[in-house]
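Numbering (the numbering used here), first residue to last: 124 to 249.
As structure tokens, the structure follows; a few thoughts come after it.
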Amino acid sequence: MINWLRVQELENDVGAEDLKEVIELFLEEVDEGVDRLRSGAEGRNLADDLHFLKGSALTLGFDGFADACGLGEKIAAAGQAEKVDLASIVRAYDQSRVCFLDRMAIGMPPPDQIRNCDSASLPVMS
Numbered sequence: 124m125i126n127w128l129r130v131q132e133l134e135n136d137v138g139a140e141d142l143k144e145v146i147e148l149f150l151e152e153v154d155e156g157v158d159r160l161r162s163g164a165e166g167r168n169l170a171d172d173l174h175f176l177k178g179s180a181l182t183l184g185f186d187g188f189a190d191a192c193g194l195g196e197k198i199a200a201a202g203q204a205e206k207v208d209l210a211s212i213v214r215a216y217d218q219s220r221v222c223f224l225d226r227m228a229i230g231m232p233p234p235d236q237i238r239n240c241d242s243a244s245l246p247v248m249s
């Protein structure tokens, strides 16, 4: 669900203090994007929204959520937006967010102890 090696790489690149700012910005922007999905994303380009969310997710190591967004993006871009299971994508984000924040509250795991919070894969088609 969370690629902790990516998070550690990002922290090494920007430093611990700047990582906090990156996380705050990420949560603010992605929460807003996911809220659009929760409301049905009507009147918006679903493929574009999912593309944005996928890119943001990859930046911070939310790999499971990024995968769900990527599949939904392909389906929506193929003109089948009604087949994208938005609830599953939102659930993938919610689970990833909880896992990430819980783990960050106690510190990132050492590389030899990195595990996913939950390895369940979530479908994105209904």
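Cβ atoms here follow ideal geometry from the backbone N, Cα and C, with glycine treated the same way.
| Asked | Found |
| --- | --- |
| CB of Asp186 within 9 Å of CB of Arg129, strictly | yes |
| Three-state secondary structure assigned by DSSP to Ser179 | helix |
| Of the listed residues Gly193, Leu142, Asn126 and Ala228, nearest to Asp171 (C-alpha basis) | Gly193 |
| Distance CB(Met124)-CB(Ser211) smaller than 9 Å | no |
| Whole-angstrom distance between Leu181 and Met248, CA atom to CA atom | Confidence at Met248 is low in this model, with a pLDDT of 43, below 50, so its placement is unreliable and no value can be given for it. |
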